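Below is one structure, written out as structure tokens; comments come after it.
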Amino acid sequence: MQVADKNFYLDEEQIQRLLEEAKKARLLAYAPYSSYQVGAALLTKGGRVYGGCNIENASYGAAICAERVAVARAIAEGETDFVAMAVVADSPEPGSPCGICRQFLAEFAPELPLIMANLDGKVRQGSLEAYLPYAFNKDYFRAEEAK
Ligand code: THU
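The opening residue of the sequence shown carries number 14 in our numbering; numbering runs sequentially from there.
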């Protein structure tokens, strides 16, 4: 399986690396309430991979998804150019980023290639653009208001 996009090309080795890193990150999930562990791995243009896991809370709404943890880690290290993200969960279908995570990702990489998988090896891929069409972003603000 290969992922091609306008500006770059992901080969099989990179895809496998991302899936492995997402699986590893998933093992660190803190999900005592849902028991649904998710792992994400974000590849940056600098070649680094940032892992993320979901972190739940007794106040359920305070939970954060694996995808946003991975993005936050990268941003906090000064990396804002993203190449691809893998998401892995133990679900019947490949793990799929929730709406908030799609929105969060779209801020930085609206066309980000996503590689989604479950632990049975079922894999799905697609660009974020297809998963969040007409994403709300800074372009919706009128110039004089976007200060
Ligand atoms: N979750 C993620 O980490 N990523 C997703 O894309 C979907 C949902 C987490 C949030 C919560 O900890 C658990 O999965 C169940 O919703």
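Note that the Cβ used here is the ideal one computed from N, Cα and C, for glycine as well. Everything numeric in this text was worked out from a predicted model, so none of it was measured.
Judged by DSSP secondary structure, residue 137 falls within the beta strand (DSSP E) whose first and last residues are 136-140. In the three-state reduction of the DSSP assignment, residue 117 falls in the helix class. Counting only runs of at least 3 residues, the segment 43-117 fully encloses the following beta strand (DSSP E) elements, listed from N- to C-terminal order: 51-57, 62-66 and 95-102. A straight line joining the alpha-carbon of residue 98 with that of residue 90 spans about 17 angstroms.
Within the same chain, 14, 32, 107, 128, 129 and 130 come within 8 angstroms of residue 136 by CB-CB distance, once the 5 residues on both sides are set aside.
Within 6 angstroms of the C-beta of residue 67 there is at least one heavy atom belonging to the ligand THU. Residue environment: residue 81 is assigned as buried (16 or more neighbouring CB atoms within 10 Å of its CB, all protein chains considered).
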